[in-house]
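Protein chains in written order, with the UniProt record's numbering: chain A, 1 to 191; chain B, 1 to 168. These notes are about the structure you will find just below.
Given below as structure tokens:
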């Protein structure tokens, strides 16, 4: 019974082999893409007001590299993509303000008062803040994040192609404060 | 010709390693369990010499990283919050939003959003959430489903919540 099946497969063997070969090539390409986007370089689309004026409200596309974060070479002032500590399925883009052992001084509520608070970042932690202090949900709300949540470091802007027109900076400041958008989203190409 | 043989072999080796790394990152992998903080589930310290010398190897599945939906009693692999280069294996004792208290402290802690409380089965010697607090779910790298070595203990890892803990 099985022998007859195999005998009938005769003319199809070459077609099956060709299909398997093509599938395997596609699978190899997929694996190569995975390695590159997980360990070397990837793209991220950011949107939201928390990194104004560095990043615009409308979606920006950035390139992020993952090599230096794997080796712990993140420094103060870097813009990093990290997993949201309050929702692991989402990502956020913030700037590194303090590394472990640093003493970070910050204003927790810029709208209400100018009260400063100081905190020492614990071992293995990173203090991140958005550039737009009025509307950013960052370490001032959820505390220092674990270094392991950092996915990559932004190093190149692809889109949009024009820079922000700095002559309208006063209008920008007014729009930053009145912005109702508290939702900041980063989409990482981690397929 | 020797050079083309070497080139062929190198190509096959590189392809195999790329495929292995991808499958191990996205689908399933096998890792050794070091230490006895999960004794007796892994690395139990029995009298037998054979088991004391070799570590347990466990099967870790990565499909849970799509939705990050875990249950009480899942054994998970996670990056240490103190050192991102190390990974630990512990059992999940509490999920986000729950109030949780352990035997030892009289404190009751509410697990923040997006975090979980992990504890080792061997409460006597285990570096877990009792030392570093609740960990973010984003640090979890996979869930342990089976023990694959040593042969006498091959089998599924049951998802039982840790004993003796009170939930409010």
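Don't be surprised by glycine CBs; every beta carbon is placed ideally from N, CA and C.
Query raised in the report: Short check: CB of residue 113 of chain B to CB of residue 68 of chain B, under 8 Å?
Result: no
Query raised in the report: Quick one: Cα of residue 28 of chain B to Cα of residue 4 of chain B, how far?
Result: 34 Å
Query - Closest Cα partner of residue 126 of chain B within the set B:8, B:101 and B:36 - result: B:36
**Report entry** Buried or exposed by the 16-neighbour rule on C-beta atoms within 10 Å, applied to residue 147 of chain A
**Finding:** buried
Query raised in the report: Helix, strand or coil for residue 39 of chain A per DSSP?
Result: helix
Query raised in the report: So, is residue 85 of chain A buried or exposed, given that buried needs 16 or more other C-beta atoms within 10 angstroms?
Result: buried
**Report entry** Rounded distance between the beta-carbons of residue 77 of chain B and residue 31 of chain B, thought under 8 Å
**Finding:** 7 Å
Report task. Have a look at A:97, A:120, A:121 and A:151 and flag the residue whose alpha-carbon is nearest the alpha-carbon of residue 133 of chain A. Result -> A:97
Query raised in the report: Hey, how far is the Cα of residue 28 of chain A from the Cα of residue 145 of chain A?
Result: 35 Å
Query raised in the report: For the 8 Å Cβ check, are there 3 or more pairs between the region 121-131 of chain A and the region 77-95 of chain B?
Result: yes
Requested in this report: Quick one: using the 10 Å Cβ neighbour count with 16 as the cut-off for buried, is residue 52 of chain A buried or exposed?
Outcome: buried
Requested in this report: Indicate the three-state DSSP secondary structure (helix, strand or coil) for residue 124 of chain B in the structure shown.
Outcome: coil
Requested in this report: Ignoring anything shorter than 4 residues or poking outside the region 56-106 of chain A, list the alpha helix (DSSP H) runs there in chain order.
Outcome: 67-70
Query raised in the report: Do residue 93 of chain A and residue 153 of chain A have their C-beta atoms closer together than 8 Å?
Result: no
Report task. Below 7 Å between beta carbons is the criterion; list the residues of the region 121-143 of chain A that meet it against any residue of chain B, in chain order. Result -> 123 and 124
**Report entry** Contact belief for residue 18 of chain B with residue 73 of chain B at Cβ below 8 Å, rounded distance in angstroms
**Finding:** The Cβ separation is near 35 Å, so there is no contact.
Query raised in the report: Roughly how many whole angstroms lie between the Cα atoms of residue 116 of chain B and residue 33 of chain B?
Result: 21 Å
Report task. Let me know the secondary structure DSSP gives residue 46 of chain A once reduced to three states. Result -> strand
Query raised in the report: Can you list the residues of chain A that residue 21 of chain B reaches, using a CB-CB cut of under 7 Å?
Result: 35
Query - Option in B:64, B:96, B:106 and B:140 with minimal Cα separation from residue 87 of chain B - result: B:140
Requested in this report: Note down, in chain order, every chain A residue with its Cβ under 7 Å from the Cβ of residue 88 of chain B.
Outcome: Near residue 88 of chain B there are no residues of chain A at all, since even the closest Cβ is about 11 Å away, more than 7 Å.
Query raised in the report: Taking the DSSP output, what are the residues bridged to residue 116 of chain B?
Result: B:135
**Report entry** Pairwise C-alpha distance: residue 95 of chain A and residue 112 of chain A
**Finding:** 23 Å
Report task. Would you mind giving the Cβ-Cβ distance between residue 42 of chain A and residue 64 of chain A, rounded to the nearest angstrom? I have them listed as a contact below 8 Å. Result -> 6 Å
Query raised in the report: Roughly how many whole angstroms lie between the Cα atoms of residue 169 of chain B and residue 128 of chain B?
Result: Since the first residue of chain B shown is 1 and the last is 168, residue 169 of chain B is not available in this structure.
Requested in this report: Return no unless some Cβ of chain A is closer than 8 Å to the Cβ of residue 68 of chain B.
Outcome: yes
Query raised in the report: Could you give the distance in angstroms between the alpha-carbon of residue 56 of chain B and the alpha-carbon of residue 1 of chain A?
Result: 44 Å
Query raised in the report: Do you know whose CA, among A:130, A:149 and A:156, lies nearest residue 48 of chain A's CA?
Result: A:130
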